Each structure stands twice: as C-alpha cells, then as structure tokens.
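Student: Residue numbers (my numbering): 871 to 1053. Every residue, glycine too, gets a C-beta built ideally from N, C-alpha and C. Computed from a predicted structure; not experimentally measured. What follows is a structure written as structure tokens; I'll ask about it next.
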Amino acid sequence: MREALRLLASQHLIVTTRGVTGGSFVAHPDAGQLAEGLSTGFALLAHSAGVGLADLLELRRALEVPAAGLAAVRRSEAHLVELRGTLFDPALDDFDTMLTAHAAFHRVLAKATGNPLFELVGRPLYQASYGEEVVADLPEGYWARIDADHRDLLEHLTTRDAEAATRAASQHLDYIALTVAVR
871 MREALRLLAS QHLIVTTRGV TGGSFVAHPD AGQLAEGLST GFALLAHSAG
921 VGLADLLELR RALEVPAAGL AAVRRSEAHL VELRGTLFDP ALDDFDTMLT
971 AHAAFHRVLA KATGNPLFEL VGRPLYQASY GEEVVADLPE GYWARIDADH
1021 RDLLEHLTTR DAEAATRAAS QHLDYIALTV AVR
C-alpha cells in the first residue's frame, strides 16, 4: 500500500500530508505538472522508437495550426502582453535566448486558446531537443524569419483574424520543416 501511495505521489496524482488531519488526497495537478510526465514519455520515444524531427513537426502542425485560429478568437489582452514578452531581436540576442523565446512564444500561443489541453499536449513539444546537429548550422537569416513569423502571427492574433493566424502558423511550420528537417 505504501509503495502504491509513493508511486501515485511521484506522478503528482495524490498529495500526502502528515498530522492529525493528514492523509492522502487526490491532487489537482496543473498543465505544467502533467506535461512533465508527457515530456519524459516523449523523450523516451524519441530515443528508443525512432521518433524523429519530421514526426515532431507533423504533430506540431496538427496542434499549432488550429490552435492559432482558436487563440485569435479567444485570446485576452494579457495573452498579447505575454506573447510580446517572448519576442526577441535576432540581431542582438544570442542563440540560447532565441531558442528559449521561440519555445515560450508557442507555449503562450497554446495557452491563449483557452483550452488547457492544448497547453498540456503542446508543452512537451516545445521542450523537445532538436539535437545539436540540427540547430548547430542553421541557414543565414533563419532567426530573422522566425522573428518575422512570430510578429506576423501576433498581429493576426491582435486583430482577431483566425483565418490569417492559421495561415501564418502553417507557413511558419512549413519554413521550419524546409530549413531544418530536410537537412
């Protein structure tokens, strides 16, 4: 019984407290906690089952394109502020800053859908490592294009243009697939 409770606690499914009013109680995990488990599973699949970058981009396309449309309709002003905070300057920022900002932009975009399942399922995708061989030799202008894509998508979210937002998200992923996945 103790081992079962320890296992449930390690998976953030229960919370155990000590004392007179203590005991084990069902937890109410948030998207971040649940995404950790998905991230671990995703990493194991990527290394053992031959899941590659093309598979990752295919899943991102299935999630992010419709998510962009939903975010355009459902986003709040706070989401727009948060998205603006993830923008970077490709002429000034270093590689790690841009990589982190890129992932943060997409996490906030998923959050702006208002559907926590997009955030839950999307978060592990943005934590996934492309591998040094993919990101080490990006083509000239890659980060400038990523920055321009994010700014374009943000503009469509600001004007609540769902059709343009889905088109911009699709073009963004097409660009990534053509420049990174094909190499």
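Please classify ASP1019 as buried or exposed, where buried requires at least 16 other C-beta atoms within 10 Å of its C-beta.
Tutor: Flag for ASP1019 reads buried.
Student: Buried or exposed, going by whether 16 or more other CB atoms sit within 10 Å of the CB of MET871?
Tutor: Its Cβ having fewer than 16 others within 10 Å, MET871 is exposed.
Student: Could you have a look at VAL935 and say whether DSSP puts it in helix, strand or coil?
Tutor: Three-state DSSP puts VAL935 in a helix.
Student: Should THR887 go down as buried or exposed, given a rule of 16 or more other Cβ atoms within 10 Å for buried?
Tutor: With fewer than 16 Cβ atoms within 10 Å of its Cβ, THR887 is classed as exposed.
Student: Among the candidates ALA982, LEU927 and LEU933, whose CA atom is the shortest distance from the CA of ARG954?
Tutor: Closest by alpha carbon: ALA982.
Student: Cα separation between LEU926 and LEU995?
Tutor: Between LEU926 and LEU995, the C-alpha separation is close to 7 angstroms.
Student: Mapping DSSP to helix, strand and coil, what is SER880?
Tutor: Here SER880 sits in helix by DSSP.
Student: Taking the C-alpha atoms as reference points, what is the distance between PHE988 and GLU934?
Tutor: PHE988 and GLU934: Cα-Cα distance of roughly 9 angstroms.
Student: Within a Cβ cutoff of 6 angstroms, which residues of the same chain sit near ALA1032, ignoring the five residues on either side of it in sequence?
Tutor: Here the set comprises GLY939, ALA942 and VAL943.
Student: Nearest CA to the CA of ARG1021: which residue from LEU979, LEU878, PHE965 and ARG876?
Tutor: Here the closest residue by C-alpha is LEU979.
Student: For the alpha helix (DSSP H) containing PHE958, list its first residue and its last residue.
Tutor: PHE958 -> no alpha helix (DSSP H), and no H or E assigned at all.
Student: Looking at ALA971 and LEU962, is the spacing between their C-beta atoms short of 8 angstroms?
Tutor: Contact: no.
Student: For THR812, I'd like the list of residues in its chain whose CB is within less than 7 angstroms of its CB, leaving aside the five on either flank, ordered along the chain.
Tutor: Absent from the model: residue 812. The displayed extent of the chain is 871 to 1053, so no value can be given.
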